[in-house]
Amino acid sequence: MLLEAETEKEKTTILMDTGPSPDVTLHNIDKIGLDLSKVDLIFLSHGHYDHTGGLVEVLKKIGKKTPVIGHPAILNPKYVAKKFRPIGLPFKPSEIEAAGGELLLTKNPVKIAENIWSTGEIERITEFEKVKGFLTVENGILKEDLIPDDQALIVNVEGKGLVVISGCAHAGIINTVKYAQKITGNNKVYGVLGGFHLEGAPQERLEATIKELDNLKPKIVGPCHCTGFKAINQISNFFKENFVLLQTGDVVEI
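Just so you know, the sequence shown maps onto residues 39 to 292 in the numbering used here.
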């Protein structure tokens with residue numbers, strides 16, 4: 039996702055995640071007609087390959103030293119438990135740096151530009167949003183991966199409120215939005231966009247998520263990616279005119 043934000047003082051262009059592979063990502067960038075040289079920084083929502091696979095080639099196309107913001111745990115080994123296969127970041131830090139990336143890895147929120155922040159590591163407070171099915175290796179021991187590296191972007195739009203943009207929302211989309219409210223001190227939510235990670239989720243979780251989203255009173259709800267058809271359909275039916283169907287190449291102006 040490409041985020042272009044403009045204030046009276048500055049314009050900032052952020053590339054959030056880099057797709058599953060250079061072929062896919064650069065193909066889409068070419069078809070859309072994006073000029074990667076205008077990208078100021080890259081933000082990685084988490085360390086899974088489908089969000090990081092195009093990173094090195096994208097950095098080469100940007101053609102300049104570029105900050106890459108993420109959580110330290112993006113570098114951890116990552117596996118999906120089902121069929122046990124690796125799904126982690128496919129590059130070493132040295133490869134990222136050789137391509138022009140300047141890694142900024144922190145658990146804390148980062149003020150990226152005026153009125154734009156990364157969440158940092160997200161607090162998990164809801165009872166119904168649990169991470170299951172992922173593994174990592176720690177001190178030589180295979181263990182459950184709760185994906186602490188999962189983050190989102192927050193944009194505080196003047197006169198409207200917060201727009202929260204998730205990659206996969208492994209931490210839970212409600213946890214993500216509530217944490218965005220907490221760290222910004224702003225409870226007004228204008229938009230929630232991105233992956234909600236509800237593919238295959240039980241009906242009880244879908245209903246709880248929709249209820250909590252409704253309590254936030256967003257003007258725009260735009261689920262995509264890992265949200266899943268069933269969840270997208272239910273969210274669409276519930277939020278009606280406030281629902282936005284997001285697909286590759288779509289532009290949302292706020």
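All C-beta atoms in this analysis are idealised placements derived from N, C-alpha and C, irrespective of residue type, glycine included. Being a predicted model, the structure only gives us computed values, none of them experimental.
With H, G and I counted as helix, E and B as strand and the rest as coil, what does DSSP make of residue i?
i      : result
Asn204 : Asn is not the amino acid found at residue 204; the sequence shown has Ser there. Strand, per DSSP.
Phe277 : helix
Leu64  : helix
Phe122 : coil
Ile212 : helix
Thr157 : coil
Val77  : coil
Phe172 : strand
Contact check, residue i vs residue j under 8 Å by CB: the rounded distance?
i      : j      : result
Leu244 : Ala269 : 5 Å
Leu74  : Ile100 : 5 Å
Val201 : Gly223 : Not a contact, Cβ separation roughly 16 Å.
Thr90  : Leu97  : Between Leu97 and Thr90 the Cβ distance is about 11 Å, and since that is not below 8 Å, they are no contact.
Roughly how many whole angstroms lie between the Cα atoms of residue i and residue j?
i      : j      : result
Lys255 : Ile179 : 43 Å
Ala246 : Lys102 : 45 Å
Lys181 : Gly233 : 25 Å
Ala43  : Cys262 : 21 Å
Ala190 : Ala209 : 10 Å
Val106 : Val195 : 23 Å
Gln219 : Lys226 : 8 Å
Leu283 : Glu140 : 34 Å
Thr50  : Asn271 : 33 Å
Lys120 : Lys170 : 11 Å
Thr164 : Glu291 : 31 Å
Ile192 : Met54  : 12 Å
Count the other CB atoms within 10 Å of the CB of residue i; is the residue buried (16 or more) or exposed (fewer)?
i      : result
Gly199 : buried
Gln241 : exposed
Leu29  : Given that the chain is displayed from residue 39 to residue 292, the structure contains no residue 29 and the question cannot be resolved.
Phe122 : exposed
Gly260 : buried
Ile70  : exposed
I'd like to know whether the C-beta of residue i is nearer than 8 Å to at least one C-beta of chain E.
i      : result
Gly232 : Structure shown: chain E not included; a single protein chain is present.
Next on the checklist: With three or more C-beta pairs closer than 8 Å as the rule, is the region 172-182 touching the region 113-123?
Outcome noted: yes
Checklist entry - Does the region 147-158 come close enough to the region 116-136 that 3 or more CB-CB pairs lie under 8 Å? => result no
Next on the checklist: Taking 8 Å as the cut-off, does the region 201-221 touch the region 63-71 (at least 3 CB pairs, one atom from each stretch)?
Outcome noted: Taking 8 Å as the limit for Cβ pairs, the verdict is that the region 201-221 does not touch the region 63-71.
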